[in-house]
Structure formats: structure tokens, C-alpha cells
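Let me begin by presenting the structure, written as C-alpha cells, before commenting on it.
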Amino acid sequence: MTTYTEHITLQTDKRRELFYITPRIGGAIQKSGITDGLVMISVLHSNAGVFINDDNPGLLRDIDEWLEKLAPVRDDYHYGSTHESNAGTHLQGLLLGGGATLAITGGKLELGAWRQIFYAELDGGRPKRVVAKIIGV
Amino acid sequence: MTTYTEHITLQTDKRRELFYITPRIGGAIQKSGITDGLVMISVLHSNAGVFINDDNPGLLRDIDEWLEKLAPVRDDYHYGSTHESNAGTHLQGLLLGGGATLAITGGKLELGAWRQIFYAELDGGRPKRVVAKIIGV
Amino acid sequence: MTTYTEHITLQTDKRRELFYITPRIGGAIQKSGITDGLVMISVLHSNAGVFINDDNPGLLRDIDEWLEKLAPVRDDYHYGSTHESNAGTHLQGLLLGGGATLAITGGKLELGAWRQIFYAELDGGRPKRVVAKIIGV
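Protein chains in written order, with the working numbering: chain V, 0 to 136; chain L, 0 to 136; chain G, 0 to 136.
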């Protein structure tokens with residue numbers, strides 16, 4: 000039983016940007032040499048989320064519009080009165096969730112046929128970090 | 000320290016169906032021989048969710064209606080214009096979350112007094128799969 | 000590779016109360032002697048959630064109001080007709096999520112610069128419990 004850690008830095012140029020990170024996570028699993036266990040992916044910033052879904056442009060746009068509908072980016076949050084104006088993106092990060100834990104079996108990530116791992120940057124413009132921790136045999 | 004994997008196939012006959020899977024997860028823990036560690040349960044399809052709550056018919060109906068209120072199954076999502084018409088169930092799956100990680104202590108699943116594990120099929124009609132990965136001593 | 004378990008009891012006096020539990024989780028990691036691995040935190044009641052976000056009073060108030068907006072505590076849920084009147088707090092617990100899994104690297108919890116771990120009691124007034132399970136080397 001062993002562990003392996005990989006920090007992934009994402010160069011976010013825009014405020015809002017979606018990163019398809021399945022290959023980065025798959026690469027980390029390969030480097031770890033772990034063929035059976037868990038991989039846990041966690042954001043290290045609150046204005047971001049990790050989610051798993053099918054890789055379809057229309058669907059990803061639906062997800063983005065849904066986040067904005069349920070947790071609109073507005074100016075009138077309490078947070079904005081004393082601090083930053085990005086409370087809406089904090090709420091969107093809570094809605095998506097800040098991490099995911101997945102199974103590794105037979106050396107492969109168990110995602111299912113169509114699912115992919117996405118990192119959603121909700122308030123970017125600077126480098127952001129994600130940690131992947133792999134634990135298993 | 001060891002790992003144990005169980006794939007559970009759910010025969011979903013209806014579009015929308017709720018499965019009470021606590022006994023299946025408990026059985027997998029027993030078979031694993033692991034008495035202290037973690038069990039991670041993950042859907043392998045995007046139109047589904049795993050959630051933990053009390054097993055009460057009224058409450059489960061409230062949860063179902065709440066999903067439909069916050070992420071309605073409608074025809075006018077972007078996804079539907081080029082692909083499948085089930086974008087709403089993808090959003091409901093995101094809302095519930097596609098997995099859960101729980102503690103195993105003294106050979107038992109730590110759920111609390113009333114909580115149970117549910118698999119929510121949101122767009123069924125064919126066999127669906129869930130993976131449970133157990134890791135510990 | 001080893002495991003360590005800590006049960007944390009929270010004395011909730013009010014119905015709704017927020018607990019800043021980062022120091023308790025950090026203390027459990029230190030006691031465990033585990034310097035690389037995972038910590039999984041899980042509620043043991045459905046009317047509660049664990050979430051991670053920045054520790055700012057305005058932001059925490061925004062989160063509380065957002066929970067109430069998306070999952071209002073009302074009297075007309077199905078659950079209330081036969082059982083308890085707290086279905087809204089069950090939905091808020093689902094929205095926040097009942098647990099979190101985080102990385103431990105170099106003996107430290109990987110949260111990022113500003114993020115803290117919070118336990119949100121949504122229907123308190125009696126002692127409530129959380130379990131932290133640590134697994135690693």
C-alpha cells in the first residue's frame with residue numbers, strides 16, 4: 000500500500016474557464032504505479048469546482064447556465080459589502096463540490112463509458128491549483 | 000492494509016427509480032474482511048446519483064420533487080438541440096453528487112442512527128452500474 | 000499504512016449553528032501520526048452538512064441565506080405530514096453535502112490558502128456527532 004501526490008497548476012486566463020483534466024489524473028495514476036485503490040481530487044481555492052460529467056459542449060453550457068441560475072453572480076451579497084464581489088462564485092463552487100473521489104481498478108480509473116473529470120474555474124485570471132492524492136496497492 | 004472492489008448492477012425498469020443499497024454495501028464490507036477504513040461508492044453513469052438520508056417515503060418524495068424544482072427535466076436545454084433530451088437528469092445527478100465516501104469502524108459502516116445509502120436512477124430503463132471500493136485494514 | 004478514527008461531538012444549543020472544525024481535524028491528523036494520505040470527514044445526522052470555504056462572516060451569511068433560498072424550511076413538505084417538520088433542513092444537508100475528503104501531505108492538511116472546514120448544524124439543540132477517518136502512511 001502506498002500513496003502518490005500530484006499538484007496540477009492550471010493557467011486560467013479568463014474569469015470563467017473549464018478544464019478537461021481526465022488525462023492529467025490518468026497520467027498521475029500511471030506515474031503512481033498504483034493499480035488498485037482510490038484517487039481523490041481536491042480544489043485548493045473556493046471559487047472553483049471539480050465535477051464529473053459527459054464531455055458535450057451543449058451539456059457543459061447547460062451546466063454553466065444552471066450554476067448561474069441557482070447561484071447568480073451578483074453585486075448584492077453580504078460578502079461584497081466588505082470584501083470581494085465574487086460571493087456568487089463561492090456558492091457555485093459549493094454547488095459543484097470542491098472534489099471527487101474515484102476508484103482505480105486494474106490500473107484504470109473507473110469513470111464509466113462517457114464520464115470525464117472537469118475542473119471549473121469560476122473566478123480565474125491567475126494560476127490555480129488542484130491536488131490529486133492516490134492511495135492503494 | 001488491503002483493497003476490495005464490488006460492482007453492483009441495478010436493473011432499472013423505469014426511467015426514475017430509487018434503490019436502497021445499504022445492504023449491498025454492508026455485504027461488500029463483510030466480504031472484504033476490512034474492519035477499519037473507507038468505503039467509496041461511485042456511480043458509473045451521469046444520469047444518476049448516490050445520496051445518504053433517512054428512509055422515509057414522504058422525505059424521499061420531497062427529495063425527488065426538490066430535484067425536479069432545482070433542475071427541471073425540460074426539452075429546451077442546449078444538450079437536447081444536438082444530443083439527448085435528458086440534460087435535466089444530468090443536472091439532478093450533479094445536485095445529488097455521483098458518489099459518497101464513508102467510514103468503516105469496528106467492522107461496521109458509520110452512517111449514524113437513521114441514515115441509509117440510496118442510488119437514484121434518473122434516466123433508467125437498462126442495467127446501470129455502481130462501484131464500491133473498500134480500502135483499509 | 001495505518002488508519003486513525005476520531006469522533007467529534009458538537010454541543011449544538013441552537014437550531015442552526017456553524018462550527019469551525021479545522022483545528023479539530025488538524026489535531027486528529029497530528030494524533031494519528033499519519034503524514035501522507037487522506038482524511039474523510041462525515042456527518043452522522045441528515046440535518047447537517049460539512050463544507051469548505053473561506054472564513055468570512057459576510058460570506059458565511061450569504062451561504063446560509065442561499066441554503067434557505069434553494070431549500071426553504073417550510074411546513075408543507077410531504078415528510079411533515081406524517082413525521083418531522085424539518086424536511087427543508089434535510090434538503091439543505093443534501094445541498095451542502097454530508098462529508099468531505101481532503102489530502103494530507105507532509106503532515107499538513109491541504110486546504111489552500113484561505114479555505115476552512117465548517118460543520119453546519121441545521122436542526123440542532125442536542126449533541127451531534129461527526130467522524131473523521133484518517134488513512135495513510
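Every residue gets a Cβ at the ideal spot worked out from N, C-alpha and C, and that includes glycine.
Model, not experiment: these values are computed from the prediction.
Going straight from the alpha carbon of residue i to that of residue j, what length do you get?
{"i": "residue 7 of chain L", "j": "residue 23 of chain L", "result": "8 Å"}
{"i": "residue 25 of chain L", "j": "residue 96 of chain G", "result": "21 Å"}
{"i": "residue 108 of chain L", "j": "residue 131 of chain V", "result": "26 Å"}
{"i": "residue 39 of chain G", "j": "residue 101 of chain L", "result": "8 Å"}
{"i": "residue 113 of chain G", "j": "residue 51 of chain G", "result": "10 Å"}
{"i": "residue 122 of chain V", "j": "residue 11 of chain V", "result": "9 Å"}
{"i": "residue 88 of chain V", "j": "residue 66 of chain V", "result": "9 Å"}
{"i": "residue 53 of chain L", "j": "residue 120 of chain V", "result": "34 Å"}
{"i": "residue 127 of chain L", "j": "residue 99 of chain V", "result": "20 Å"}
{"i": "residue 85 of chain G", "j": "residue 115 of chain L", "result": "17 Å"}
{"i": "residue 79 of chain L", "j": "residue 90 of chain L", "result": "13 Å"}
{"i": "residue 30 of chain V", "j": "residue 62 of chain V", "result": "32 Å"}
{"i": "residue 125 of chain G", "j": "residue 75 of chain G", "result": "25 Å"}
{"i": "residue 0 of chain V", "j": "residue 0 of chain L", "result": "7 Å"}
{"i": "residue 136 of chain V", "j": "residue 4 of chain V", "result": "14 Å"}
{"i": "residue 13 of chain L", "j": "residue 13 of chain G", "result": "42 Å"}
{"i": "residue 18 of chain G", "j": "residue 64 of chain G", "result": "17 Å"}
{"i": "residue 9 of chain G", "j": "residue 55 of chain G", "result": "21 Å"}
How about residue i and residue j: do their beta carbons lie closer than 8 Å?
{"i": "residue 34 of chain G", "j": "residue 103 of chain G", "result": "yes"}
{"i": "residue 117 of chain V", "j": "residue 28 of chain V", "result": "no"}
{"i": "residue 57 of chain V", "j": "residue 82 of chain L", "result": "yes"}
{"i": "residue 48 of chain G", "j": "residue 105 of chain G", "result": "no"}
{"i": "residue 32 of chain L", "j": "residue 134 of chain L", "result": "no"}
{"i": "residue 15 of chain V", "j": "residue 77 of chain L", "result": "no"}
{"i": "residue 69 of chain V", "j": "residue 94 of chain V", "result": "yes"}
{"i": "residue 129 of chain G", "j": "residue 42 of chain G", "result": "yes"}
Cβ closer than 9 Å: which chain L residues qualify as neighbours of residue i?
{"i": "residue 111 of chain G", "result": "Going along chain L, no residue has its Cβ under 9 Å from residue 111 of chain G, so there is no contact; the nearest lies around 20 Å."}
Any beta carbon of chain V sitting closer than 8 Å to that of residue i?
{"i": "residue 98 of chain L", "result": "yes"}
{"i": "residue 95 of chain L", "result": "no"}
Hey, is residue i's beta-carbon within less than 8 Å of any beta-carbon in chain G?
{"i": "residue 47 of chain L", "result": "no"}
{"i": "residue 27 of chain V", "result": "no"}
Would you mind telling me which residues of chain L sit closer than 8 Å to residue i, beta carbon to beta carbon, in chain order?
{"i": "residue 4 of chain G", "result": "35, 102, 104"}
{"i": "residue 20 of chain G", "result": "By Cβ distance, chain L contributes nothing, its closest Cβ being about 16 Å from residue 20 of chain G, past 8 Å."}
{"i": "residue 53 of chain V", "result": "45, 89"}
I want to see whether chain L comes within less than 8 Å of residue i, judged by CB atoms only; does it?
{"i": "residue 50 of chain V", "result": "yes"}
Which residues in chain G have a C-beta closer than 9 Å to the C-beta of residue i? List them in chain order.
{"i": "residue 80 of chain V", "result": "57"}
What in chain G is Cβ-close to residue i, meaning under 8 Å?
{"i": "residue 166 of chain V", "result": "Shown here, chain V extends from 0 to 136; a query on residue 166 of chain V therefore has no answer."}
Review point. Got a sec: which bits of the region 113-136 of chain V sit with their beta carbon under 8 Å from any beta carbon on chain L, in order along the chain?
Key: 113, 114, 134, 135, 136
Review point. Name the residues in the region 60-84 of chain L whose C-beta lies less than 8 Å from a C-beta of chain V; which are they?
Key: 69, 70, 76, 77, 78, 79, 80, 81, 82
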